[in-house]
Amino acid sequence: MAEEEYGSFVDWNQMGDMAKSSGPTNVDCKDLKEFKQMARQGYWAKNHKLRAQVYEQLIKAIPCRTVTPDAEVYRDIMGNAGSKKQSSNIPLPDFVDGSPVPRYCLKAEAVASAHQIINCVAGQFPDISHCPSLPAVTSLLLHFSKDEAQCFEHISRMLACNEPGKRLLDQTFLAYESSCMTFGDLANKYCASAHKLIVATAQDVLEVYSDWQRWVLGDLPFGHIVRILDVYLVEGYKILYRVAIALLKFYRKHKAGVQGGQNNQQDSDKVRADIQAFIKGIASTVTPDKLLEKAFSIRLFSRKEITLLQLTNEKSLHQKGITIKQKRRNVQLALNPDTFSSEIVSAKEMRDVWSWIPERFALCQPQLLFTTATHGCSLNRFYSHCEGYEPTLLLIRTTDGDVCGAFLSTDWEERKRGGNKLSFFGTGECFVFRLKPEMERYEWVVIRRPELASSIKTEDQEDTATSEGQNSDHSSLQQPDKPAGDLSPFLSTRHFNLNSKNTSMFMAGNFDSIIVGGGEGNALYIDSELNHGRTGRCTTFDNPPLCAESFQVALLEVWGFQDAMAS
1 MAEEEYGSFV DWNQMGDMAK SSGPTNVDCK DLKEFKQMAR QGYWAKNHKL
51 RAQVYEQLIK AIPCRTVTPD AEVYRDIMGN AGSKKQSSNI PLPDFVDGSP
101 VPRYCLKAEA VASAHQIINC VAGQFPDISH CPSLPAVTSL LLHFSKDEAQ
151 CFEHISRMLA CNEPGKRLLD QTFLAYESSC MTFGDLANKY CASAHKLIVA
201 TAQDVLEVYS DWQRWVLGDL PFGHIVRILD VYLVEGYKIL YRVAIALLKF
251 YRKHKAGVQG GQNNQQDSDK VRADIQAFIK GIASTVTPDK LLEKAFSIRL
301 FSRKEITLLQ LTNEKSLHQK GITIKQKRRN VQLALNPDTF SSEIVSAKEM
351 RDVWSWIPER FALCQPQLLF TTATHGCSLN RFYSHCEGYE PTLLLIRTTD
401 GDVCGAFLST DWEERKRGGN KLSFFGTGEC FVFRLKPEME RYEWVVIRRP
451 ELASSIKTED QEDTATSEGQ NSDHSSLQQP DKPAGDLSPF LSTRHFNLNS
501 KNTSMFMAGN FDSIIVGGGE GNALYIDSEL NHGRTGRCTT FDNPPLCAES
551 FQVALLEVWG FQDAMAS
């Protein structure tokens, strides 16, 4: 076999067809865009040695800190590894959070090598506090390393990457936890039917989504994950989000076939185990290329937008004091049926609405700010009770018994910037919904139709910009100016060249009315007495009327988001 140089850790008997090398034997390419196309198409996927050489080239090109441990450092520390008896009983560092080293068709002794490499990494990178993906990445790179020292160097370079705005592996609990929140946000927006399934079946949605990285780096079969690694080393972290969302889509399709649409809520651990079992057995129904095809068909926003969302979630966690691993607070605890009381919605209905809101508010509990039952039907009192709170949730019950409302991203005090003139404000995180007679949410139209925002790049445009100047997109990224809990920069209209202002009319208010949604109509219009209202299709949310087009308000409530972690 011609793979001995790079395959000393591999159990070739387990590799099946992948043990047979074929196809090209070299890659003559310097252009990043061309490299990306080759990675996606699997140019080196059938030649183990070529894949190893490409990985070496890609990892050596990663910009790193000046002092980054290399293979010689490993040899100096470990001595002659060949003369030492290795053992997989060597415990892994705490920062892997119990994640085991996947076999991935490696020899049994190779797992011991992975343990040794990871422990050496722990000694050289004392700042790492949480990196559960490291065992899987180490196991994968052992496949394509000449020896332990080279694998150690490759891992070190990935951890020491210092390119602005780019990261390959989460190394702190703050980064990891914010990535879970970011995944939840993305799943909510780009995988709505699967998200709805998780909400219906799992008691704690956030707990299920906390596994998203493990789905890709840990649960996928070797033949699938190695194709993803091809692209990941070229395109970076964003690929993990894409693949995880694709897996969630396939899981929903699988459950629809198995259950015939019957979803019973169960313990979150059972849902997590069910997803894990599906992904581990995915090879029987989904090929690696089909998985990648599904991942790249998802129309996500740019890498910059995702990075901004990640920064916002990190800042929100930091302000809540969640910087180290601690027991996750179940979202149901924020909606305790024994203490939650609304005259419009039940605790279950409020929990369903909670599943739609951005993840960084999941640790908040609902706080009643205003209700016409107590505060009367006065727009001035509405403003006085709601100003200073961001975001807010508006709930309306009509005299016909219909229930509708809106999630509003921005403080109502912002209306004063327009003086007496009615002017719109807010962000694309706003959405409108109805709960009765049936439950439906209507998001910003640009989320469903990205072509309405001409600044949203196609994948090729995005990567052209990246290949021409990798730092141009990332070096300009800054933390949001407003405190976490304020509007997210992820969907601020300033990031988009919108073709029409009608697509960004989120919320407005003055002395005689409040309005949600604009352009060719309003999703909601409420008069100054909070008594009469209108609803119709609007361009911003592309929604149908949320109830009878002209209605009378029986009750109106506004809820804020109180930090459940506060004492």
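Residue 362 in full-length UniProt numbering sits at position 362 of the sequence shown, and the numbers go up by one each step. Even for Gly, the Cβ is constructed at its ideal location relative to N, Cα and C.
- Within the same chain, and ignoring the five residues on either side of residue 558 in sequence, the residues whose Cβ sits closer than 6 Å to its Cβ are 369, 370, 386, 392 and 394.
- When DSSP reads this structure, residue 436 sits in a beta bridge with 403.
- At the C-beta level, residue 417 and residue 510 stay beyond 9 Å of one another.
- Straight through space, the alpha carbons of residue 162 and residue 43 are spaced by roughly 28 Å.
- The region 47 to 131 is shown to contain whole alpha helix (DSSP H) runs of 4 or more residues at 48 to 60, 71 to 78 and 108 to 124, in chain order.
- For residue 559, the enclosing beta strand (DSSP E) covers residues 550 to 563.
- Within the model, the alpha-carbon separation for residue 247 versus residue 435 is close to 29 Å.
- Per DSSP, the beta-bridge partners of residue 525 are 515 and 534.
- Proximity to residue 209 across 349, 187, 200 and 108 peaks at 187, based on C-alpha coordinates.
- In the same chain as residue 154, and ignoring 5 residues on each side of it, the C-beta atoms closer than 6 Å to its own belong to 59 and 141, in chain order.
- Our two residues, residue 244 and residue 550, have alpha carbons roughly 43 Å apart in a direct line.
- The secondary-structure analysis by DSSP pairs residue 370 across a beta bridge with 558.
- In the three-state reduction of the DSSP assignment, residue 387 falls in the coil class.
- Residue 507 sits in a strand when the DSSP states are folded into three classes.
- Where residue 138 is concerned, the enclosing alpha helix (DSSP H) starts and stops at 134 to 142.
- Nearest Cα to residue 130 within the set 347, 221, 95 and 350: 95.
- Contact check for residue 553 against residue 360 fails: the beta carbons are separated by 9 Å or more.
- DSSP, reduced to helix, strand and coil, places residue 422 outside both helices and strands of the structure shown, so it counts as coil.
- Cβ contact annotation for residue 70 (same chain, cutoff 6 Å, sequence separation greater than five): 153, in chain order.
- Taking the Cβ atoms as the reference, residue 404 lies roughly 20 Å from residue 561, outside the contact range of under 8 Å.
- Residue 393: member of the beta strand (DSSP E) spanning 392 to 398, first to last residue.
- Secondary-structure assignment with DSSP links residue 408 through a beta bridge to 392.
- The three-state reading of DSSP puts residue 364 in strand, counting E and B together.
- Here residue 298 is not near residue 176, since their CB atoms are 9 Å or more apart.
- Shortest Cα-Cα distance from residue 97 to any of 62, 170, 76 and 258 involves 170.
- Residue 514 counts as buried, since at least 16 other C-beta atoms from the protein chains shown sit within 10 angstroms of its C-beta.
- Residue 66 sits exposed, since fewer than 16 C-beta atoms from the chains shown fall within 10 Å of its C-beta.
- If you ignore the 5 residues before and after residue 276, its C-beta comes within less than 8 Å of the C-beta of 211, 214, 215 and 219, all in its own chain and listed in chain order.
- At a Cβ-Cβ threshold of 9 Å, residue 226 and residue 288 count as neighbours.
- Less than 9 Å separates the beta-carbon of residue 74 from that of residue 149.
- Per DSSP, the beta-bridge partners of residue 266 are 202.
- Check the Cα spacing between residue 143 and each of 178, 51, 183 and 257: the tightest is with 51.
- The DSSP-derived three-state label of residue 232 is helix.
- The C-beta distance from residue 311 to residue 185 rounds to 13 Å, too long to fall under 8 Å, and the pair is not in contact.
- For residue 107, the closest of 230, 12 and 253 by C-alpha to C-alpha distance is 12.
- Between residue 122 and residue 93, the C-beta spacing is below 9 Å.
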